Amino acid sequence: MGRAPCCDKNNVKRGPWSPEEDAKLKEFIEKYGTGGNWIALPQKAGLKRCGKSCRLRWLNYLRPNIKHGDFSDEEDRVICSLYASIGSRWSIIAAQLPGRTDNDIKNYWNTKLKKKLIMGFIPSSSNINQRTKSPNLLFPPTSTLQTTFQPQSQASISNLLRDSYLEPIPLVQPNFITWADHQKANGYFGNNFQTSQFQYDHHTNIEEVKELISSSSSNGNGCNNVGYWG
DNA sequence: AATTGTCGCAACCGCACGTTA
DNA sequence: TTAACGTGCGGTTGCGACAAT
Numbered sequence: 001m002g003r004a005p006c007c008d009k010n011n012v013k014r015g016p017w018s019p020e021e022d023a024k025l026k027e028f029i030e031k032y033g034t035g036g037n038w039i040a041l042p043q044k045a046g047l048k049r050c051g052k053s054c055r056l057r058w059l060n061y062l063r064p065n066i067k068h069g070d071f072s073d074e075e076d077r078v079i080c081s082l083y084a085s086i087g088s089r090w091s092i093i094a095a096q097l098p099g100r101t102d103n104d105i106k107n108y109w110n111t112k113l114k115k116k117l118i119m120g121f122i123p124s125s126s127n128i129n130q131r132t133k134s135p136n137l138l139f140p141p142t143s144t145l146q147t148t149f150q151p152q153s154q155a156s157i158s159n160l161l162r163d164s165y166l167e168p169i170p171l172v173q174p175n176f177i178t179w180a181d182h183q184k185a186n187g188y189f190g191n192n193f194q195t196s197q198f199q200y201d202h203h204t205n206i207e208e209v210k211e212l213i214s215s216s217s218s219n220g221n222g223c224n225n226v227g228y229w230g
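In the UniProt record's numbering, the protein residues as written are 1 to 230.
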């Protein structure tokens, strides 16, 4: 037996959101919250939309403090470094960039950043000019690169990242709090957990991990080299 | 000015996982 | 124990905007 669809596709509107729909959704959520049930929300809010569509629209566009527009060099560096250490875990990467959404970062990576990286326009953390304190280009573009650009395979992009971002950027506190709170209630890991040296699954004992982190985590920045996905 | 090609982004799709009854 | 359900995530697609010819 197949999985039941989340909504009746024949009776929901699809495609771009109108300003009126945006206003309805925003007003409803600001007034009542999501109620912890996205499926029921559209009906309550008077929208002919799928609950998943409402959720996506809210998270990626209507939510307060969403940042759109150009990414800074520092954001580029964070994305590249985290991609090098945890891969395409866009939601985790987004959690490290306030105001950015996973969808935004994913689109940015697929359309621009990957190319920038290949062309050598992303400064790496270990490639800062100590005299001027300004970033050097990771791989200064050569005439060859500029004139005969070839698409790179996923493997070669991975190699580029690995070679350029040997020092992973630590995830910031909020993720860790979320993780800790979650684990306090459960006593084990929901899915996978990874530091720069260790990887765990949901069978791993929490005390064991805490001990490993405390004994091995200091990287001189007062942070742990911790990657977490859940 | 018209046509064609490319790019960027919003939105959709399907799957995996956690929760609940 | 297990099936149904809700949520979140990553991959993919569709389409409008813009550039090139």
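Note that the Cβ used here is the ideal one computed from N, Cα and C, for glycine as well. Every value quoted in this text rests on a predicted model; they were computed, and no experiment measured them.
- Within 10 angstroms of the beta-carbon of residue 94 lie 16 or more other beta-carbons, which makes it buried.
- Residue burial is scored here from C-beta neighbours: residue 51 has at least 16 other C-beta atoms within 10 angstroms and is therefore classed as buried.
- Your pair residue 113 and residue 79 checks out as a contact, with CB atoms roughly 6 Å apart and the cut at 8 Å.
- In the three-state scheme derived from DSSP, where H, G and I count as helix and E and B as strand, residue 17 is classed as coil.
- With respect to residue 21, residue 47 sits close: the two C-beta atoms are nearer than 8 Å.
- In the same chain as residue 43, and ignoring 5 residues on each side of it, no C-beta atom comes closer than 6 Å to its own.
- Within 10 angstroms of the beta-carbon of residue 88 lie fewer than 16 other beta-carbons, which makes it exposed.
- The C-alpha of residue 64 is placed about 19 Å away from the C-alpha of residue 45.
- No Cβ-Cβ contact shorter than 8 Å links residue 83 with residue 160.
- DSSP places residue 70 outside both helix and strand once states are collapsed to three, so it counts as coil.
- In this structure, residue 59 sits near residue 101, with a CB-CB distance shorter than 8 Å.
- Exposure of residue 18 is indicated by the presence of fewer than 16 other C-beta atoms within 10 angstroms of its C-beta.
- Contact annotation, residue 90 with residue 116: C-beta distance approximately 17 Å; criterion of less than 8 Å not satisfied.
- Rounded to whole angstroms, the gap between the alpha carbons of residue 34 and residue 25 is 10 Å.
- Assigned with DSSP and collapsed to three states, residue 98 falls in coil, not helix or strand.
- Contact check for residue 75 against residue 41 fails: the beta carbons are separated by 8 Å or more.
- In the three-state reduction of the DSSP assignment, residue 39 falls in the coil class.
- Our two residues, residue 111 and residue 104, have alpha carbons roughly 11 Å apart in a direct line.
- Counting only the Cα atoms, residue 109 lies some 14 Å from residue 68.
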